Structures are given as C-alpha cells and as structure tokens.
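Numbering (the working numbering), first residue to last: 38 to 256.
Dropping the structure here:
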C-alpha cells in the first residue's frame, strides 16, 4: 500500500483542489491497482476543513497539536501501521500532478525530494520579487530544495531515519538530513510535480510562505 500524507490546519480554501488532485494521482494506471490511502491529519482546525475532508474517500485524523512536525509524525505512524510501504507527503495548499506517485516510485530510491511550482503569485509579490525567487530556485534534476509538499520516502528508510520530529517548522529538512545520515539513497528530482500556493500567511513559522514574504520585502 502507498500512503499520501497531508497535514492541515484551517485549510478550507485549498482542500477541495488538494484532495481531488491526490485522488487522481492515486488512480494512475501505472500503479497497477496497488491500493493508495490518502490521510489528512486535521491539526487544531476551527474552520470547515473537517467537513470538506469528510466528503471525500480519504481517511481523516483529528489532533490538537498545532505542530506540523507532530502532525506528519502521527500521520506517518498511522500509515505505517496500516501497511504502507511508501509515504508520499504533500501540503493542503498544494496540488500534486496526476503522475506524482508514479514519478516518485519510478526513481527507485529510498526517498525523493521534489520541486514545487508556484501557480499564481500573491498581489504583493511584485515582478522584482518573482525575479529574485526564480534566480534562487533550481527547478531541475539535482536541485537541493526540500519541500514537505513534495517528499516521498520508503517505509524502511523512514523508520531507519527515526521519522519526523515534532518541530514547528523544517520537519521536512530534519527528516531528509536524518535520511542522509542513515545512508538512504535520495533522488533530488524535478520529475514529481507539485503546484503550490504563493500565500504569505504561513501556517508554520519559518515555512515556504515566510520565505516568500522575505523575498517580497527585500529591496
């Protein structure tokens, strides 16, 4: 079984598109019918996120941690207990490509770090800020970016690395560093595609949204 892990904190604006995309990826014919479970970890949600998730054929788990690392760790553990051999992580404000899982698994490594594409820039993210972003971002094979929105790992490598730690941000970076220390093979690839939002109101301090806000404020 393959698991798709999506943490969510008050994500009612994005969840419909996120889940539709994840379910399309789960039905890709090149998966040859292997079961795929989508698990949404609803962390301290006070909006309509839980209601939206309940309308889709996915699993939901509600927690009160307000901590993305803990949400990912709890979700990953549940997927492992349900027999997942591979865990693909994304974010609730992101949409994975239809062949996302196929591309991750096809790389044949213990883990995959993929890139993200910003679909629509925030109004305050002017042309100069966009130029700065594209000047720093490497959307290519061999990049060195780490995104929780586009990360995959085998069950064995995940357990060997010690899993996600309960960090309020950079839990994805922590896991990849632990994977490197444990000797896991990692593909840094542009092949698994994920579209993400350019929102500047980050759910996790120090996350991708904060990075974009810093670029927007740089003169």
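Glycine is no exception: its CB is placed at the ideal position from the N, C-alpha and C atoms.
In this text, all values refer to a predicted model and were calculated from it rather than measured experimentally.
Host beta strand (DSSP E) of residue i (start-end)
{"i": "residue 150", "result": "148-151"}
{"i": "residue 179", "result": "Note, residue 179: premise wrong, no beta strand (DSSP E); not H, not E."}
{"i": "residue 45", "result": "39-45"}
{"i": "residue 131", "result": "131-133"}
{"i": "residue 226", "result": "223-226"}
Run of the alpha helix (DSSP H) containing residue i, from where it starts to where it stops
{"i": "residue 86", "result": "86-91"}
{"i": "residue 208", "result": "208-218"}
{"i": "residue 82", "result": "Taken as a continuous stretch (DSSP letters only), residue 82 belongs to no alpha helix (DSSP H), as it is neither H nor E."}
{"i": "residue 57", "result": "52-63"}
{"i": "residue 116", "result": "105-118"}
{"i": "residue 197", "result": "192-198"}
{"i": "residue 143", "result": "137-143"}
Whole-angstrom distance between residue j and residue i, CA atom to CA atom
{"i": "residue 138", "j": "residue 83", "result": "31 Å"}
{"i": "residue 51", "j": "residue 199", "result": "30 Å"}
{"i": "residue 253", "j": "residue 174", "result": "Since pLDDT at residue 253 reaches only 47, below the 50 mark, its modelled position is unreliable, and the value read off the structure follows with that caveat. Distance between the alpha carbons of residue 253 and residue 174 is about 15 Å."}
{"i": "residue 65", "j": "residue 232", "result": "18 Å"}
{"i": "residue 76", "j": "residue 155", "result": "24 Å"}
{"i": "residue 222", "j": "residue 146", "result": "5 Å"}
{"i": "residue 195", "j": "residue 184", "result": "16 Å"}
{"i": "residue 151", "j": "residue 186", "result": "8 Å"}
{"i": "residue 256", "j": "residue 61", "result": "Only weak support exists for where residue 256 lies, its pLDDT of 49 falling under 50; the value from the coordinates is given anyway. Going by the C-alpha atoms only, they are around 41 Å apart."}
{"i": "residue 211", "j": "residue 201", "result": "7 Å"}
{"i": "residue 234", "j": "residue 129", "result": "10 Å"}
{"i": "residue 89", "j": "residue 218", "result": "39 Å"}
{"i": "residue 136", "j": "residue 123", "result": "15 Å"}
{"i": "residue 182", "j": "residue 141", "result": "15 Å"}
{"i": "residue 208", "j": "residue 115", "result": "18 Å"}
{"i": "residue 47", "j": "residue 99", "result": "12 Å"}
{"i": "residue 192", "j": "residue 121", "result": "7 Å"}
{"i": "residue 153", "j": "residue 63", "result": "19 Å"}
DSSP three-state assignment for residue i, whether helix, strand or coil
{"i": "residue 97", "result": "strand"}
{"i": "residue 124", "result": "strand"}
{"i": "residue 188", "result": "strand"}
Within 8 Å, strictly: CB atoms of residue i and residue j
{"i": "residue 104", "j": "residue 203", "result": "yes"}
{"i": "residue 225", "j": "residue 189", "result": "no"}
{"i": "residue 49", "j": "residue 86", "result": "yes"}
{"i": "residue 112", "j": "residue 42", "result": "yes"}
{"i": "residue 69", "j": "residue 133", "result": "no"}
{"i": "residue 38", "j": "residue 96", "result": "no"}
{"i": "residue 81", "j": "residue 101", "result": "yes"}
{"i": "residue 73", "j": "residue 45", "result": "no"}
{"i": "residue 216", "j": "residue 148", "result": "yes"}
{"i": "residue 40", "j": "residue 125", "result": "yes"}
{"i": "residue 144", "j": "residue 93", "result": "no"}
Closer than 7 Å: residue i CB and nearest the ligand ADP heavy atom
{"i": "residue 46", "result": "The ligand ADP is not part of the structure shown, which contains no ligands of any sort."}
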